[in-house]
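Heads up: the structure comes next, in structure tokens.
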Amino acid sequence: MAKIRIIKAGLQTTVQDNGRWGYQKFGMPVSGAMDVSSLNLANKLVNNSLNEACLEATIDGPTIEFYSDTYISICGANMQAQINNANIEMYKSLQVKSGDILSFKGLVNGCRTYIAFSGGVQVPEVMGSKSTYLKGKLGGFKGRELKSRDELEIGTYNNPEIKEISSDKITEFKDCFTARIIAGPETGYFTLKGLETFLYTEYTLSQQCDRMGYRLSGAKIEHKSKADIISSGIAFGTIQVPSHGEPIIMMADRQTTGGYPRIACVVSADLPYIAQLKPGDKIRFKEVKLDMLY
Numbered sequence: 002m003a004k005i006r007i008i009k010a011g012l013q014t015t016v017q018d019n020g021r022w023g024y025q026k027f028g029m030p031v032s033g034a035m036d037v038s039s040l041n042l043a044n045k046l047v048n049n050s051l052n053e054a055c056l057e058a059t060i061d062g063p064t065i066e067f068y069s070d071t072y073i074s075i076c077g078a079n080m081q082a083q084i085n086n087a088n089i090e091m092y093k094s095l096q097v098k099s100g101d102i103l104s105f106k107g108l109v110n111g112c113r114t115y116i117a118f119s120g121g122v123q124v125p126e127v128m129g130s131k132s133t134y135l136k137g138k139l140g141g142f143k144g145r146e147l148k149s150r151d152e153l154e155i156g157t158y159n160n161p162e163i164k165e166i167s168s169d170k171i172t173e174f175k176d177c178f179t180a181r182i183i184a185g186p187e188t189g190y191f192t193l194k195g196l197e198t199f200l201y202t203e204y205t206l207s208q209q210c211d212r213m214g215y216r217l218s219g220a221k222i223e224h225k226s227k228a229d230i231i232s233s234g235i236a237f238g239t240i241q242v243p244s245h246g247e248p249i250i251m252m253a254d255r256q257t258t259g260g261y262p263r264i265a266c267v268v269s270a271d272l273p274y275i276a277q278l279k280p281g282d283k284i285r286f287k288e289v290k291l292d293m294l295y
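Once you know that position 88 of the sequence shown is 89 in our numbering, the rest is easy, because the numbers rise by one and skip nothing.
Rendered as structure tokens:
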């Protein structure tokens, strides 16, 4: 079995696939890639199934040594990838040789990049997924972020059929984004002023952002009275508003239920863009109706 060695782990690098589906009724979060679109593209470039496990690197990429020949691809945030200190292109299948070293010079745009290996990352499945759920310390590689000197097995490679993604399918991630939202089931818990605040405010991603959720800073959203509901289901992109009035966008590692009013839910097609925002970036919301999406 082929292997890679982590020389430097980066800020937060984890093993992720499309998530752990079918267990939310037992209280188990889905987890999985924050930007599923980039993960799928990376897998496609190296002949993997779209759900195969990749490495998700956040803001600061890892340094990786290859112990055998293989193919890789890198999609998502531009962190200026290099092989043996020479710049390489993203959104392409790239052959690497035993002894080669993959590194990243620094973030240019976005927040998370996905590194796919032909044959995938070979870690045990937990509840049908290889994804790392950090708070639960399960899945992925020993249930945790990667560390220096970790060694991971990767699958046997095949020559990729698709060599690159066409430029019209590549997204350049910005530090501001307008997300389309569908009104949530508890809009009646907010005053008209509160709803207008939500729709017309430019929010800033606070430092309280992780794989579980993004707390936004900006004008406070006014409730009519209480800010609690009977705990109800939480989807990827659900926006809750606790009593402090600052919205929270629930992300990949979100809990399965929540007890704060759900003012809206982000349209799924816009979630990859939100996943690529980082603290300090800006976001606005635009309400759409379901019939406008089809």
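Even glycine gets a Cβ: it sits at the ideal position worked out from N, Cα and C.
Around the beta carbon of H245, fewer than 16 other beta carbons lie within 10 angstroms, which makes this residue exposed. Counting only the Cα atoms, G238 lies some 15 Å from V289. Residues G11, T14, T114 of the same chain have their beta carbon placed closer than 6 Å to that of A58, with the five preceding and five following residues left out of the count. Between V47 and S104, the C-beta spacing is not below 8 Å.
Rounded to the nearest whole angstrom, the CA to CA distance from R255 to G33 is 11 Å.
Assignment of L108 by DSSP, reduced to helix, strand and coil, places it in the coil class. Under the rule that a run must span 3 or more residues, the beta strand (DSSP E) segments found entirely inside the segment 149-192 read 152-155, 177-184. Following the DSSP letters along the chain, one finds I275 inside the alpha helix (DSSP H) bounded by residues 272-276. Rounded to the nearest whole angstrom, the C-alpha separation of A117 and I60 is 17 Å.
Under the three-state reduction of DSSP output, N88 falls in the strand class. In terms of Cβ geometry, I249 and G214 form a close pair [threshold 8 Å]. For L217, the pairing in a beta bridge is given by DSSP as L206.
Around the CB of I222, 16 or more other CB atoms lie within 10 Å, so the residue is classed as buried.
Annotation: the segment 37-62 contains the following complete segments of the beta strand (DSSP E) (minimum length 3 residues), in chain order: 55-59.
Look at the segment 221-282 and you find these whole runs of alpha helix (DSSP H), each 4 residues long or longer: 272-276. Residue environment analysis places A87 among the exposed positions, since fewer than 16 neighbouring C-beta atoms fall within 10 angstroms of its C-beta. In this structure, I166 lies away from Y72, with their beta-carbon atoms at least 8 Å apart.
Its Cα nearest to that of F67, the residue R150 stands out among R150, L196, G185. Setting aside the 5 residues that flank it on each side, A253 is surrounded in the same chain by S32, G33, M35, R212, each with a C-beta closer than 6 Å to its C-beta; the list follows chain order. DSSP places G195 in the helix class (H, G or I) of the three-state scheme. When C-beta atoms of the segment 23-32 are compared with those of the segment 262-272, fewer than three pairs fall below 8 Å, so the two segments do not count as touching. Taking one beta carbon from each stretch, the segment 15-23 and the segment 168-176 have fewer than 3 pairs nearer than 8 Å; the two do not touch. When only Cα atoms are considered, T257 and G140 end up about 17 Å apart.
Listed in chain order, the non-local C-beta contacts of N85 below 8 Å within the same chain comprise D101, I102, local neighbours out to five positions each way being set aside. Considering only T205, R181, L200, S232, the residue with the shortest C-alpha distance to P273 is R181. Under DSSP, L103 shares a beta bridge with I65, I84. The C-beta distance from F174 to A78 rounds to 6 Å, short enough to fall under 8 Å. Within the same chain, Cβ atoms closer than 8 Å to the Cβ of K287 are found at T179, A180, R181, I182, L200, the five residues on either side in sequence being excluded. Residue state for L95 is assigned as strand, using DSSP reduced to three classes.
In the displayed model, Q25 falls within a helix according to three-state DSSP.
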